[in-house]
Amino acid sequence: MFFSGDPSTRKRVDLGGRSSKERDRQKLLEQTRLERNKRNLLRQQNSAAIKIQKCFRGRKEVEAERSKVRENFLKTYGKRCHPVDRQCFGPDSDFLRQLLFFFNPTYTTDVSVLVETCRSLLEFVRDSGDIVSLFAGTEYASNPALVRCRVKKYVHACIRAVYGNRNKLRDQLFMESEKSCTSAILLLDAVTLLIDLRLPWACSTVTYLLQSNIYSLFREIVLIGKERSFPASNRVVSSFEHVLALITSHIGQSTCTCPSVDPKCCFPSQILTIPFLWRFFPHLKEVFASPSVSRHYFHQMTLCMKDHINVLPPDIAIDLPGYAILLGNLLEVVGPAFAQPESFTMAVDFATVATFLLKALPSLQSSNMGSKEMSEDDMVIDDEQTEKVLNLGLEQQITNAIDARFLLQLTTVLLGGFSPLNGSHSGQFDEKHVAAVSAVCAFLHATFNILPLERIMTVLAYRTELVPVLWNFMKQCHENQKWSSLSEQSPYLPADAPGWLLPLSVFCPVYKHMLMIVDNEEFYEQEKPLSLKDIRCLIVILRQETTVVIVRGSTAVIGLASVHIRSVSALWQLLWSNPTVPTNFGKSPTDIFAMKKHPLEFLQHRVCVVASELLSQLQDWNNRRQFTPPSEFHADGVNEYFISQAMMENTRANDILKQAPFLVPFTSRAKIFTSQLAAARERNGSSGLFARHRFRIRRDQILEDAFNQLNALSEEDLRGLIRVTFVNELGVEEAGIDGGGIFKDFMENITRAAFDVQYGLFKETADHLLYPNPGSGLIHDQHLQYFHFLGTILAKAMFEGILVDIPFATFFLSKLKQKYNYLNDLPSLDPELYRHLIFLKHYEGDVSDLELYFVIVNNEYGEQTEEELLPRGKSIRVTNENVITFIHLVANHRLNFQIRQQSSHFLRGFQQLIQREWIDMFNEHELQEHYVIDMFWEVVKSSSLENQRKFLKFVTGCSRGPLLGFKYLEPLFCIQRAGGNASDEALDRLPTSATCMNLLKFPPYRSKEQMEQKLLYAINADAGFDLS
17 MFFSGDPSTR
27 KRVDLGGRSS
37 KERDRQKLLE
47 QTRLERNKRN
57 LLRQQNSAAI
67 KIQKCFRGRK
77 EVEAERSKVR
87 ENFLKTYGKR
97 CHPVDRQCFG
107 PDSDFLRQLL
117 FFFNPTYTTD
127 VSVLVETCRS
137 LLEFVRDSGD
147 IVSLFAGTEY
157 ASNPALVRCR
167 VKKYVHACIR
177 AVYGNRNKLR
187 DQLFMESEKS
197 CTSAILLLDA
207 VTLLIDLRLP
217 WACSTVTYLL
227 QSNIYSLFRE
237 IVLIGKERSF
247 PASNRVVSSF
257 EHVLALITSH
267 IGQSTCTCPS
277 VDPKCCFPSQ
287 ILTIPFLWRF
297 FPHLKEVFAS
307 PSVSRHYFHQ
317 MTLCMKDHIN
327 VLPPDIAIDL
337 PGYAILLGNL
347 LEVVGPAFAQ
357 PESFTMAVDF
367 ATVATFLLKA
377 LPSLQSSNMG
387 SKEMSEDDMV
397 IDDEQTEKVL
407 NLGLEQQITN
417 AIDARFLLQL
427 TTVLLGGFSP
437 LNGSHSGQFD
447 EKHVAAVSAV
457 CAFLHATFNI
467 LPLERIMTVL
477 AYRTELVPVL
487 WNFMKQCHEN
497 QKWSSLSEQS
507 PYLPADAPGW
517 LLPLSVFCPV
527 YKHMLMIVDN
537 EEFYEQEKPL
547 SLKDIRCLIV
557 ILRQETTVVI
567 VRGSTAVIGL
577 ASVHIRSVSA
587 LWQLLWSNPT
597 VPTNFGKSPT
607 DIFAMKKHPL
617 EFLQHRVCVV
627 ASELLSQLQD
637 WNNRRQFTPP
647 SEFHADGVNE
657 YFISQAMMEN
667 TRANDILKQA
677 PFLVPFTSRA
687 KIFTSQLAAA
697 RERNGSSGLF
707 ARHRFRIRRD
717 QILEDAFNQL
727 NALSEEDLRG
737 LIRVTFVNEL
747 GVEEAGIDGG
757 GIFKDFMENI
767 TRAAFDVQYG
777 LFKETADHLL
787 YPNPGSGLIH
797 DQHLQYFHFL
807 GTILAKAMFE
817 GILVDIPFAT
827 FFLSKLKQKY
837 NYLNDLPSLD
847 PELYRHLIFL
857 KHYEGDVSDL
867 ELYFVIVNNE
877 YGEQTEEELL
887 PRGKSIRVTN
897 ENVITFIHLV
907 ANHRLNFQIR
917 QQSSHFLRGF
927 QQLIQREWID
937 MFNEHELQEH
947 YVIDMFWEVV
957 KSSSLENQRK
967 FLKFVTGCSR
977 GPLLGFKYLE
987 PLFCIQRAGG
997 NASDEALDRL
1007 PTSATCMNLL
1017 KFPPYRSKEQ
1027 MEQKLLYAIN
1037 ADAGFDLS
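Mapping of the sequence shown onto our numbering: position 380 corresponds to residue 396, and the numbering continues sequentially without gaps.
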């Protein structure tokens, strides 16, 4: 055949390696499989259709049969059921059998018949009083199954009738039964009659109702009825409330044999998640608060609380989540339950439930009202992190319930059986003790992160035994190394978590709050609430565990739960050799979300924060009067490498310095501070030869000229080099070139003039220490601008490394660290007021008899003014219950409130040059020289030349100084505090010296006269080494 030009006739070759027969076989198999699947699907559809048809025909036939029975029933008894007698309720009668068979709550006729049946039932029982014989005949035991079946279905039908017509009957639901005989009341009264616990069918009936999810029907009924307003004083117990209370209380009875039901259908899930439940059902509240009932339901909730999201019904509204409603209702009812005897187990279960619910709460508006600023981290949050906002009424219900009385009850019930004086000598704690500590600490930790602390700390610190009981527990665990017993038995911690986390998270903030108002006599002399020996042990525990927390917060967490750190060097190695991840949790919505997402990490961080704060406060007490060596607060191993690392942000050393500066010795922190200042001066050219600005200062108006010229400089210019030219009283510039010496003279003169009490900006305490004058505004119109200027002057002196001799009061120096002052700081300001407050604190009589009110009188330059310490304070009398608050407010007014504006402006000026992070490295006592040092140099300067030579020989062994000056004295001259605390015995000692080290050992004398007398006696005694 010739080529036709059509390429389609060319033979095709399959390069796949398979023949056409094989392809046809695979296609045939696939087609067969698809056809088989189609036939199976068709059979399933036919089978399903047959079942549906069967069900439909069955339902249709049943409904037809019900209609037939209903028609015959109505012919026999009528809609009013007039021929009904007692025999109709008996086991042999068809009356109930027929009624229960055809009853449908959506049929008005059926409901009317059921209502009339209930009316007849109530009349028969009222006449004879025997309900058992009415349903069972002569003998209940002959046919109990039939009777139980009829009764439970009859009761269920009555409740279905109310539920199905809840919109029509809602005005009748909360009416008192004795005053009305409406349909709803007749139906509910019949239910009340038939579920009495004394009846033989009570348990089977209640079980049937619970398995029929009766509480979900009750929930819908209540939510419909809640729309109707009720007066707040309405104490009427309605028929519906009677039914609800009977079914609720039935489960908690000892004779109850009802099996457990699905948690989704139980009373707590369906009823306790109704907002403000007890406002509508006060009688139900009393029933629930009974010991047996509350114990049962609290234990039931503990078993499923971790899965509360899957157990609770859908939220009613966005701002009314079910778990928050449940918490509010539980908190409101648990107080009366705590008042019952033997409520320890119930309290543990409650604390468990409440802790999980508190952790689920969003941040409360009331706890965040004071902080309107939001950081950049808080502003950028994803959808998952966005928090809900609670309904304001629900939030108030929760916050108002956690009041002083509630906290006192909870801690008393849980910890009241454990005396602070009795410890476990074997180191073993029984399960009850561990459960109590675990429960109360977990609940309070969750509460601290939700509610404002000032509302709850005072009662925990002063009206409970929380601090001594927790301390006894922690001390025993520490001494016997039994911390693991808490984490192993606690439901709030993983088994491998450190057991000290929960106790420290509660103990530290409460004890810290207690120390705020403890007076010096209580702390040092009476040793309350903890002895000084116990405090020394506490410092060891806090220092060790705080470091472990910082280590466990690292990216590579190591198992330290059972590590016992024996020395500070071991502690420092753990802290310094492990990387840390800095965290900044707080109470913002972002932080609350982080707490929920990473609860263990958040707990570890909180312990680190509160333990560091407590250690810092204990260090302050130790600075006032030494009860332990300062080195107990320090860590070994701080070297030049650490110092270099600490100067850089986002390093481990820098994090340690911010979190726990007391771990670093003072000399090391001073080196870091000096290096930071030098680096800042280098960046701003302050150490150069050429000045940016020159001041012309008149010596007779130095303060005014400096104020006008310095305020004109920007913050950047303040950091630069400044040179000064003085102008004498004749208006002529003084000779000399300022190479730094004239500027130092200028700084010394201006600080002497500005901080002079005669100028009116500052006042002196009895110890001649300076603090802002509360009445400075009466003297200077621009007093606040001058305080800003003086803050800048002091900062400039520190920035340039110029030492200024300004003896500030400690409570004012704390303002540079933005800290509050408390009662123990008051003696330095007003010793007389302090004595009066201490007398009031320990007054054994009725404080209200003293006729004190929450008012304080200010007396500035002869003008007396009254200020209220609280809103409407003039009408609030000081009583035994609020006297601690009064003392705290008085101390706060004098130490913080009166000087708040002056201190704030001083701080703003100070922080123009000195960063807050630099000052936070030091406590108030470290920010300036000790008053003893100041007095010492005054005594030396006022001494005669002969006595100065004798002193030099007394200290160094030679009456002459080094040839090139004391800078070259080897070793350098040093003064060491001697005599421990400032007791009378210590102050009676003479100064001693160690000439080989050029060291003067000096007791902390209280007055310049006493110091001069003791020093002159020592240097003139010629006692040789007898005084060494």
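The beta carbon of each residue, even a glycine, is placed where N, CA and C say it ideally should be.
Residue i classed as buried or exposed, judged by whether at least 16 other C-beta atoms fall within 10 angstroms
| i | result |
| --- | --- |
| Val127 | buried |
| Glu816 | buried |
| Met937 | buried |
| Thr125 | exposed |
| Ile230 | buried |
| Thr826 | buried |
| Ala676 | buried |
| Ile738 | buried |
| Cys990 | exposed |
| Glu392 | Unreliable positioning characterises Glu392 in this predicted model, as indicated by a pLDDT of 36, which lies under 50. A coordinate reading is not provided. |
| Trp217 | buried |
| Lys544 | exposed |
| His580 | Unreliable placement is indicated for His580, whose pLDDT of 34 sits below 50; the coordinate value is still reported in the next sentence. It is exposed - the Cβ of His580 has fewer than 16 other Cβ atoms within 10 Å. |
Residue i: first and last residue of the uninterrupted alpha helix (DSSP H) it sits in
| i | result |
| --- | --- |
| His709 | No alpha helix (DSSP H) contains His709, which is instead part of the beta strand (DSSP E) from 709-714. |
| Ile935 | 932-935 |
| Ile809 | 799-815 |
| Phe742 | Looking at the DSSP string, Phe742 is not in any alpha helix (DSSP H); the run it does join, the beta strand (DSSP E), is 738-743. |
| Glu986 | Premise fails: Glu986 is in no alpha helix (DSSP H) and is neither H nor E. |
| Leu482 | 482-496 |
| Ser144 | 124-144 |
Sub-7 angstroms separation of residue i and residue j beta-carbons
| i | j | result |
| --- | --- | --- |
| Met317 | Val349 | no |
| Leu1032 | Pro1019 | no |
| Ala173 | Phe119 | yes |
| Val871 | Glu884 | yes |
| Ala462 | Lys375 | yes |
| Arg479 | Leu430 | no |
| Ala651 | Leu631 | no |
| Gly807 | Phe922 | yes |
| Leu336 | Pro291 | yes |
| Val327 | Cys274 | no |
| Leu842 | Tyr850 | yes |
| Glu139 | Arg96 | no |
| Gly791 | Glu876 | yes |
Assigned secondary structure, residue i (DSSP; H/G/I helix, E/B strand, else coil)
| i | result |
| --- | --- |
| Ile615 | According to the sequence as given, residue 615 is Pro; it is not Ile. Residue state, collapsed to three classes: helix. |
| Gln917 | helix |
| Ser593 | Low per-residue confidence applies at Ser593: pLDDT is 45, beneath 50, and the placement is therefore not dependable enough to give any value. |
| Ile201 | helix |
| Asn159 | coil |
| Ser220 | helix |
| Tyr508 | coil |
| Ala1037 | coil |
| Ala728 | coil |
| Glu749 | strand |
| Ala651 | coil |
| Thr154 | coil |
Those residues which DSSP pairs with residue i across a bridge
| i | result |
| --- | --- |
| Leu260 | Answer is none; Leu260 lacks a bridge partner. |
| Tyr869 | Arg893 |
| Gln992 | Lys1017 |
Contact with chain B by residue i, beta-carbon distance below 7 angstroms
| i | result |
| --- | --- |
| Lys95 | Absent here is chain B; the protein component of the structure consists of one chain. |
Continuous beta strand (DSSP E) stretch holding residue i: start and end
| i | result |
| --- | --- |
| Glu884 | 879-884 |
| Lys1017 | 1015-1018 |
| Lys779 | 778-780 |
| Ser521 | Ser521 -> not in any beta strand (DSSP E); alpha helix (DSSP H) instead, spanning 517-531. |
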